[in-house]
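Student: Below you'll find the structure I mean.
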Amino acid sequence: MHCYEQGTLQAYIDGELSRDKRKGLALHLEQCKSCHDVLSHLKELNDWTTVVMAESCSESEANLRIDVNKAWNQLNQRLHSINEEEVKSIGHLTKWKRGMKSMDKKKKWWMGGIAVVTAMAVTFSIPQAQAAASKLLSVFRVDKVEYIKVNQEDIEEMKDFLSSRKVGNYELQGLAKVNAKRQGKDQTYKSVEEAKKAGYDLPSFPKRYRLSKMTVYAPVTMHVELNAEKINRLLNQLQVGEKLDQGMDGKRFTLRSYPEVNMELATNSFDGQIYYTAQKITQIKTDNVKQVEKLQKTLLSLPFIPENIRGQLRELKDWRRTLPIPVMEEKNAKEISVNGGKGILWGGENKDQITLMWQKGDIIHRLNGIGGKISEKELITIAESIE
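Counted the way UniProt numbering counts, the sequence shown spans residues 1 to 387.
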């Protein structure tokens, strides 16, 4: 029985499938316990995310105060409810796919309470926005990546801070205005011919692999404006010495992603699934980035950022043109070269999932082998065949 991808199940929840597809999936769910369990978990995460996003990203200008003791406790309970595999998923590349409504479970669990604020701010501190500014509208890109290793101790340290911190009433509402919109619709192609007819140049793969399905996810544009006064008030209560400059107040940051290509490959060589994704690095646009270095320093002072991560971020060379990507530090995680591009491979032998991620030019590539008996060597061979 062929199971559905998690993205399709999320689209089912979001009501984005056609009537016929919904009917077919509903019939499948009646017979497949695995897909039914995944769907139930996605619904739970979807409901939880809807609540916390509404609480944390409100655009209300009212000076509201909420019981943050309760908010911290709820976030902490959620953190401790995550099993080991979900915790490890924080090491995967995070990306906007299908808009804010359909973020997958590997990204949803941390989008609550102060984590929302931190995530938004960290987004603006990445090196694309740290280039020298001019009076004209500036566009920043990166041309290389650095992998920031995150270990289990780092995760535990952050969890301990959230669970033990004695807090008063924190103002979590009105900290930022966020607006995200998908540009166009996702497109799915069932054959190489369909994809080429639509104007896509497909990469080459070893002959034993064939394209089963290709989905092109529409790009997302997200506008964010920070309320520096309220954020500084929160930072003060967190006992963070650094503060945002008032020049950041009300300044708009625009993040524009590129279309993401996702391919499902089929082969008769082994059981399991192979997924290949490719996407150009996201652009960040802003009309004023003079205070961004100050923002970076402020963020690195947050008390729940472990020193291991803080130190690696501080030591980044050529940070103006480097994108930091977090990966879980595992015994079998290793950096490799793919056609001259820097990459990292983790999962390894005797595991249900193996992932290879690398950069070539301004494109981030990723191969996932799930189930079956795919080896590291085989995954690298596939990667090196891609042109």
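For every residue, glycine included, the Cβ atom is placed at its ideal position computed from N, Cα and C. All values reported here derive from a predicted model rather than from experimental measurement.
#1: Measuring only the C-alpha atoms, how far is LEU356 from ILE336?
#2: Secondary structure at ALA266, three-state DSSP: helix, strand or coil?
#3: With TYR276 as the anchor, note down where its alpha helix (DSSP H) starts and where it stops.
#4: Determine whether the beta carbon atoms of ILE374 and ILE354 lie at a separation below 8 Å.
#5: Tell me the residue span of the alpha helix (DSSP H) that contains HIS2.
#6: Within 10 Å of its beta-carbon, does GLN10 have 16 or more other beta-carbons around it, so buried, or fewer, so exposed?
#7: Taking the CB atoms as reference points, tell me whether LYS334 and GLU264 lie closer together than 8 Å.
#8: Pick out whichever of ARG233, TYR209, THR282 and ASN179 has its Cα sitting closest to the Cα of ILE274.
#9: Find out if the Cβ-Cβ distance for the pair residue 389, VAL216 is shorter than 8 Å.
#10: Enumerated in chain order, which unbroken segments of the beta strand (DSSP E) with a length of 3 residues or greater are wholly contained in the region 182–211?
#11: Taking THR282 as the reference, which of LEU234, ILE364, LEU39 and VAL38 has the closest Cα?
#12: Does DSSP put GLU242 in a helix, a strand or coil?
#13: Which residue marks the beginning of the alpha helix (DSSP H) containing LEU25, and which one marks its end?
#14: Alpha carbons only, please: which of VAL261, LEU255, LEU39 and ILE380 is nearest the one belonging to MET3?
#15: With a 10 Å radius around its C-beta and 16 neighbouring C-beta atoms as the bar for buried, classify LEU27 as buried or exposed.
#16: Using the Cβ count rule (16 or more neighbours within 10 Å means buried), how would you classify ASN232?
#17: Out of curiosity, what's the CA-to-CA distance linking LYS190 and LEU226?
#18: Give, in chain order, every unbroken run of the alpha helix (DSSP H) that is at least 4 residues long and sits entirely within the UniProt domain "DUF4367" (329–386).
#19: How many angstroms separate the CA atom of ASN262 from the CA atom of ALA278?
#20: Please determine, among LEU235, LEU17, LYS181 and GLY15, the residue with the shortest C-alpha to C-alpha distance to SER257.
#21: List the endpoints of the continuous alpha helix (DSSP H) containing GLU229.
#22: Any heavy atom of the ligand NAD closer than 7 Å to the Cβ of ALA11?
#23: Let me check understanding here. Comparing Cα to Cα, which of ILE370, TRP346, GLY371 and GLY340 lies closest to SER385?
#24: Give me the Cα-Cα distance between LYS360 and VAL224, rounded to the nearest whole angstrom.
#25: Measure how close the beta-carbons of TYR12 and ARG22 come, nearest whole angstrom, since I'm counting them as under 8 Å.
#26: Does the separation of the CB atoms of ILE370 and VAL338 fall below 8 Å?
#27: Where DSSP assigns a beta bridge to VAL224, which residues make up the other side?
#28: If you drop the 5 nearest sequence neighbours on each side, which residues of the same chain put their C-beta closer than 6 Å to that of ASN179?
#29: For GLU307 and LEU235, I'd like the C-alpha separation in whole angstroms.
Tutor: Per the coordinate set shown:
#1: Taking the sequence shown and counting its residues from 1, one reaches residue 356 at position 356. Taking the sequence shown and counting its residues from 1, one reaches residue 336 at position 336. When rounded, the distance between both Cα atoms is 9 Å.
#2: The residue given as residue 266 occupies position 266 in the sequence shown. It is a strand residue.
#3: Within the sequence shown, residue 276 is the residue found at index 276, counting from 1. Note, TYR276: premise wrong, no alpha helix (DSSP H); beta strand (DSSP E) at 273–280.
#4: Within the sequence shown, the letter at position 374 stands for residue 374. Within the sequence shown, the letter at position 354 stands for residue 354. Taking 8 Å as the Cβ cut-off, ILE374 and ILE354 qualify as a contacting pair.
#5: Position 2 of the sequence shown holds residue 2. Looking at the DSSP string, HIS2 is not in any alpha helix (DSSP H), and its letter there is neither H nor E.
#6: Translated into positions along the sequence shown, residue 10 becomes position 10. GLN10 is buried by the Cβ-count criterion.
#7: Translated into the one-based positions of the sequence shown, residue 334 becomes position 334. Translated into the one-based positions of the sequence shown, residue 264 becomes position 264. No, Cβ-Cβ distance for LYS334 and GLU264 is not below 8 Å.
#8: As a working note, residue 274 is residue 274 in the sequence shown. It is TYR209 whose Cα lies nearest to the Cα of ILE274.
#9: In the structure as shown, the chain begins at 1 and stops at 387. Residue 389 is therefore absent and cannot be evaluated.
#10: 187–189
#11: Walking along the sequence shown from the start, residue 282 turns up at place 282. The option with the nearest alpha carbon to THR282 is ILE364.
#12: Position 242 of the sequence shown, counting from 1, holds the residue named residue 242. GLU242 falls in the coil class under three-state DSSP.
#13: Reading the sequence shown from its first residue, position 25 is the one you call residue 25. Segment 19–31, the alpha helix (DSSP H) holding LEU25.
#14: In the sequence shown, residue 3 corresponds to position 3, counting from 1. Looking at the sequence itself, residue 3 is Cys, so the reference to Met does not match. Here the closest residue by C-alpha is LEU39.
#15: The residue given as residue 27 occupies position 27 in the sequence shown. It is exposed - the Cβ of LEU27 has fewer than 16 other Cβ atoms within 10 Å.
#16: Here residue 232 refers to the residue found at position 232 of the sequence shown. Classification of ASN232: buried, given that the 10 Å Cβ count is 16 or more.
#17: The sequence position of residue 190 within the sequence shown is 190, counting from 1. The sequence position of residue 226 within the sequence shown is 226, counting from 1. One C-alpha to the other measures close to 42 Å.
#18: 376–385
#19: Along the sequence shown, one-based indexing puts residue 262 at 262. Along the sequence shown, one-based indexing puts residue 278 at 278. If I take the Cα positions, the gap works out to 7 Å.
#20: One-based indexing of the sequence shown puts residue 257 at position 257. Per the Cα distances, LYS181.
#21: The count along the sequence shown starts at 1 and reaches residue 229 at position 229. Element bounds for GLU229: 228–237.
#22: In the structure on display, the ligand NAD does not appear, and there are no ligands present to speak of.
#23: Walking along the sequence shown from the start, residue 385 turns up at place 385. It is GLY340.
#24: Counted from its first residue, the sequence shown places residue 360 at position 360. Counted from its first residue, the sequence shown places residue 224 at position 224. Roughly 29 Å separates the two Cα atoms.
#25: Indexing the sequence shown from 1 puts residue 12 at position 12. Indexing the sequence shown from 1 puts residue 22 at position 22. About 6 Å separates the two Cβ atoms, so the contact holds.
#26: Stepping through the sequence shown from its first residue, residue 370 is reached at position 370. Stepping through the sequence shown from its first residue, residue 338 is reached at position 338. No, they are not a contact pair.
#27: Position 224 of the sequence shown, counting from 1, holds the residue named residue 224. In the DSSP output, where bridge partners are listed per residue, VAL224 has VAL178 and PHE253.
#28: Reading the sequence shown from its first residue, position 179 is the one you call residue 179. Cβ neighbours of ASN179 beyond the five flanking positions: HIS223.
#29: Taking the first residue of the sequence shown as position 1, residue 307 is located at position 307. Taking the first residue of the sequence shown as position 1, residue 235 is located at position 235. Roughly 18 Å between the two C-alpha positions.
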